[in-house]
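To keep things clear, I will list the structure first and then write my remarks on it.
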Amino acid sequence: MPFLTIDHLEKSFGTNRVVKDFNLGIEKGEFVSLLGPSGCGKTTVLRMVAGFETPTAGEIRIDGQNVTGLRPNQRQIGMVFQAYALFPNLTVAQNVGFGLKIAGVARDVADARVTEMLRLIGLSDLGARYPFQLSGGQQQRVALARALAPRPRVLLLDEPLSALDAKIRVSLRTEIREIQRELGITTIFVTHDQEEALSMSDRIVVMNGGIADQVGTPFEVYNRPTTRFVAGFVGTLNLIEGVANGDGRVTLGDNLVTPFDPVTAQKGGPVTMALRPEAVWLGRADGRDVVLPATVSEVHFMGSVIRIKAMAAGTSFSLDTFNRADTPPPAIGAATEISFAARDLIVLT
Amino acid sequence: MTRFAAWAALILGLIYFILPLYGMAEFSLRMRRGVYSLDAYSAVLTDPAFQATFGFSVIMALFTIVFGVFLVVPTAYWVRLRMPELRPYVEFITLLPLVIPAIVIVFGYIRLYNTSSWLPLTGTATGTNILLMFGYATLSLPYMYRAVDTGLRTIDVATLTEAAQSLGAGWGTILGRVILPNVLAAVLSGAFLTFAIVIGEFTMAALLDRPAFGPYMQLLGANRAYEPAALAVIAFAITWACMGLIQLVTRFSKHTRAQQT
Numbered sequence: 001m002p003f004l005t006i007d008h009l010e011k012s013f014g015t016n017r018v019v020k021d022f023n024l025g026i027e028k029g030e031f032v033s034l035l036g037p038s039g040c041g042k043t044t045v046l047r048m049v050a051g052f053e054t055p056t057a058g059e060i061r062i063d064g065q066n067v068t069g070l071r072p073n074q075r076q077i078g079m080v081f082q083a084y085a086l087f088p089n090l091t092v093a094q095n096v097g098f099g100l101k102i103a104g105v106a107r108d109v110a111d112a113r114v115t116e117m118l119r120l121i122g123l124s125d126l127g128a129r130y131p132f133q134l135s136g137g138q139q140q141r142v143a144l145a146r147a148l149a150p151r152p153r154v155l156l157l158d159e160p161l162s163a164l165d166a167k168i169r170v171s172l173r174t175e176i177r178e179i180q181r182e183l184g185i186t187t188i189f190v191t192h193d194q195e196e197a198l199s200m201s202d203r204i205v206v207m208n209g210g211i212a213d214q215v216g217t218p219f220e221v222y223n224r225p226t227t228r229f230v231a232g233f234v235g236t237l238n239l240i241e242g243v244a245n246g247d248g249r250v251t252l253g254d255n256l257v258t259p260f261d262p263v264t265a266q267k268g269g270p271v272t273m274a275l276r277p278e279a280v281w282l283g284r285a286d287g288r289d290v291v292l293p294a295t296v297s298e299v300h301f302m303g304s305v306i307r308i309k310a311m312a313a314g315t316s317f318s319l320d321t322f323n324r325a326d327t328p329p330p331a332i333g334a335a336t337e338i339s340f341a342a343r344d345l346i347v348l349t
Numbered sequence: 001m002t003r004f005a006a007w008a009a010l011i012l013g014l015i016y017f018i019l020p021l022y023g024m025a026e027f028s029l030r031m032r033r034g035v036y037s038l039d040a041y042s043a044v045l046t047d048p049a050f051q052a053t054f055g056f057s058v059i060m061a062l063f064t065i066v067f068g069v070f071l072v073v074p075t076a077y078w079v080r081l082r083m084p085e086l087r088p089y090v091e092f093i094t095l096l097p098l099v100i101p102a103i104v105i106v107f108g109y110i111r112l113y114n115t116s117s118w119l120p121l122t123g124t125a126t127g128t129n130i131l132l133m134f135g136y137a138t139l140s141l142p143y144m145y146r147a148v149d150t151g152l153r154t155i156d157v158a159t160l161t162e163a164a165q166s167l168g169a170g171w172g173t174i175l176g177r178v179i180l181p182n183v184l185a186a187v188l189s190g191a192f193l194t195f196a197i198v199i200g201e202f203t204m205a206a207l208l209d210r211p212a213f214g215p216y217m218q219l220l221g222a223n224r225a226y227e228p229a230a231l232a233v234i235a236f237a238i239t240w241a242c243m244g245l246i247q248l249v250t251r252f253s254k255h256t257r258a259q260q261t
């Protein structure tokens, strides 16, 4: 039985159903990300787990206990907010020790725990400072320590990196993941940033329109998206229209290809397939059995990677190649060929 | 030319405000014939009636402030957190004391709480004092509510509340340890304004027949020459001291410093 179970969860604001029949089981110590665009219901799910929103229907259980009707302060949940939410009138150490003080933990025990938490986030020397004397990244680390100090059963992270600049965001997500692994705490992370979700999570829940479109490991979600939405939202991809051949193969230009996934469409029916840019090759290459004549339409030089757009078989293909100092990128309008392996084609439902 | 006009307007404004004050202050020093002296101030400050009425009004002001804080802080907090749609109505209600004269309020009180009513508060001195405190709280409501609401606007009330809740805090703890300390400068601003209002208030205290500072000033003004001027200067000094304290509190508040960074 999962440590945290979300069962048939629903939430409506008036006539607007923002979460529809949401189900999820999270194992103890697992790091699960809720990924989706704005308004998909991911934050509402998190807030219902925290107790800040009351579900219209459904049940939330933590460690076997039904917490659906409990108040937020009765759930033993730690939460980190996008806007840090540190108490401005308290020092860093007082902020970290706030939950312990509320819980009535003895002073010496609480002090030891605060010291331990400050060491964990690498801010041992800044305990006497006030929040306004810290940088954004430091404030968010303090918020994390404050949430973890009372040893919550579940840690909820509501877009904690969104307000930080790019460099700090990358370093802090590594830190958060390391701390989560070290403490083995069950964590739900809400983000709209696919890179964050892919790099940090044990599993990702891709949400769309209030429902979980796909639940899987980052590898599964990226490489084998099950819906058109997931394929489009997670990473960049090429959408290719082909015609079913009725025998599991698809006609694409002059090629007859066999995708990795089974093709269920009847003979002559349309088949939509997806292909990641890194699976497409400029020119011919070993192991890439589908070759299409193409015309270069756009070239974006991005340093180590060059993103090229080429028209082939009536479709605009986006492909990435590594930059090589001895090979200049192709000119716009140049006639060329692109190739890819048929097994890399993802059939979308 | 524009610069000259601006300076001229400023100087005229200053003369308009300062000249009467100067005249009053100068007059208050002329009790002793031919020389300036502090005799009028000495007469006022040593008058037992002054000490009694001023002390009474200070105590009433403190009670009014405590009651106002307990009434306004949770109300403004709750309206901002849970019922933002009611904010215009609550603001309207808090503004009513500015348009309804104090005499109307106090006659309403007397009619409702006289000795033959269901709650005869005017039957005892303590009851009347309680009634007077409610009246003072009503008069200071526009200032107290606005001060507290402005303070609440400077912090993220909803997120701080949720952060405290997730750490196990109940409503009392959230209000006492999170919200109040972060709007303390605003609450003190409201408190000093309340203090200034209570110290100078005449109508309610006179009609409820309480020995407050306002009626004492009126009585003195009707019977003496120099002492009322000295008393007015003292009253101005108290008000200005309150304003100065508001500035000081705001400047030295940690939270305000946080806002400025």
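Protein chains in written order, with the numbering used here: chain Y, 1 to 349; chain V, 1 to 261.
Where a beta carbon is used, it is the ideal one built from N, C-alpha and C, also for glycine.
Start and end residues, beta strand (DSSP E) containing residue i
| i | result |
| --- | --- |
| Arg-71(Y) | Counting along the chain, Arg-71(Y) falls outside any beta strand (DSSP E), and DSSP gives it neither H nor E. |
| Val-291(Y) | 290-301 |
| Arg-17(Y) | 16-26 |
| Met-31(V) | Run containing Met-31(V): none; DSSP gives neither H nor E here. |
| Leu-350(Y) | This structure leaves residue 350(Y) out entirely; chain Y is present only between 1 and 349. |
| Ile-179(Y) | Segment 166-183 is the alpha helix (DSSP H) holding Ile-179(Y); no beta strand (DSSP E) there. |
Listed by chain order, chain V residues near residue i by CB distance under 9 angstroms
| i | result |
| --- | --- |
| Phe-13(Y) | Within chain V, no residue comes near Phe-13(Y); the closest Cβ sits about 14 angstroms away, beyond 9 angstroms. |
| Asn-16(Y) | Within chain V, no residue comes near Asn-16(Y); the closest Cβ sits about 17 angstroms away, beyond 9 angstroms. |
DSSP three-state assignment for residue i, whether helix, strand or coil
| i | result |
| --- | --- |
| Met-311(Y) | strand |
| Phe-81(Y) | coil |
| Tyr-109(V) | helix |
| Ile-100(V) | coil |
| Thr-250(V) | helix |
| Val-215(Y) | strand |
| Asn-182(V) | helix |
| Pro-270(Y) | strand |
| Gln-76(Y) | coil |
| Glu-30(Y) | coil |
| Thr-46(V) | helix |
| Val-49(Y) | helix |
| Arg-249(Y) | coil |
| Ser-116(V) | coil |
| Arg-343(Y) | helix |
| Phe-13(Y) | strand |
| Gly-58(Y) | strand |
| Ile-332(Y) | coil |
| Leu-21(V) | helix |
Residue i versus residue j: straight-line alpha-carbon distance, rounded
| i | j | result |
| --- | --- | --- |
| Thr-161(V) | Arg-82(V) | 11 angstroms |
| Thr-54(Y) | Val-190(Y) | 18 angstroms |
| Arg-249(Y) | Val-271(Y) | 10 angstroms |
| Phe-13(Y) | Ala-325(Y) | 56 angstroms |
| Thr-251(Y) | Val-243(Y) | 5 angstroms |
| Tyr-136(V) | Val-198(V) | 6 angstroms |
| Pro-330(Y) | Ile-306(Y) | 10 angstroms |
| Gln-259(V) | Thr-154(V) | A caution first: Gln-259(V) carries a pLDDT of 45, below 50, which makes its placement in the model unreliable, though a value can still be read off. If you take the alpha carbons of Gln-259(V) and Thr-154(V), they lie about 8 angstroms apart. |
| Thr-53(V) | Tyr-216(V) | 7 angstroms |
| Ala-165(V) | Ala-85(Y) | Per the sequence presented here, residue 165(V) reads as Gln, with Ala not at that position. Gln-165(V) and Ala-85(Y): Cα-Cα distance of roughly 12 angstroms. |
| Gln-76(Y) | Gly-168(V) | 7 angstroms |
| Arg-61(Y) | Leu-34(Y) | 18 angstroms |
| Glu-161(Y) | Gly-55(V) | For clarity, residue 161(Y) is Leu in the given sequence; the question names Glu instead. Their backbone Cα atoms lie some 56 angstroms apart in a straight line. |
| Gly-13(V) | Gln-139(Y) | 48 angstroms |
| Asn-129(V) | Val-80(Y) | 49 angstroms |
| Ala-274(Y) | Leu-282(Y) | 17 angstroms |
N- and C-terminal bounds of the alpha helix (DSSP H) containing residue i
| i | result |
| --- | --- |
| Met-144(V) | 125-153 |
| Leu-198(Y) | 194-200 |
| Ala-157(V) | Checking the sequence shown, residue 157(V) turns out to be Val, not Ala. Run containing Val-157(V): 157-166, per the alpha helix (DSSP H) assignment. |
Partner residues on chain Y for residue i, Cβ-Cβ distance less than 7 angstroms
| i | result |
| --- | --- |
| Gly-168(V) | Asn-73, Gly-99, Ile-102, Ala-103, Pro-150 |
| Val-178(V) | Phe-87 |
| Thr-173(V) | Ile-102 |
8 angstroms Cβ cut-off: residues of chain V touching residue i
| i | result |
| --- | --- |
| Met-79(Y) | Glu-162, Ala-163, Ser-166 |
| Ala-85(Y) | Asp-156, Thr-159, Leu-160, Glu-162, Ala-163 |
Neighbour list for residue i in chain Y, Cβ cutoff strictly below 9 angstroms
| i | result |
| --- | --- |
| Val-73(V) | Result: empty, since nearest Cβ-Cβ is about 15 angstroms, beyond 9 angstroms. |
| Thr-94(V) | Going along chain Y, no residue has its Cβ under 9 angstroms from Thr-94(V), so there is no contact; the nearest lies around 26 angstroms. |
Nearest-angstrom Cβ-Cβ length linking residue i and residue j, presumed shorter than 8 angstroms
| i | j | result |
| --- | --- | --- |
| Phe-192(V) | Met-133(V) | So it is not a contact: roughly 17 angstroms between Cβ atoms. |
| Thr-239(V) | Ala-186(V) | Going by Cβ atoms, the distance from Thr-239(V) to Ala-186(V) rounds to 19 angstroms, so no, they are not a contact pair. |
| Glu-85(V) | Leu-139(V) | Contact doesn't hold; Cβ gap of about 27 angstroms is too wide. |
| Asp-261(Y) | Ile-346(Y) | 6 angstroms |
Contacts of residue i in chain V (Cβ-Cβ under 7 angstroms)
| i | result |
| --- | --- |
| Phe-52(Y) | Glu-162 |
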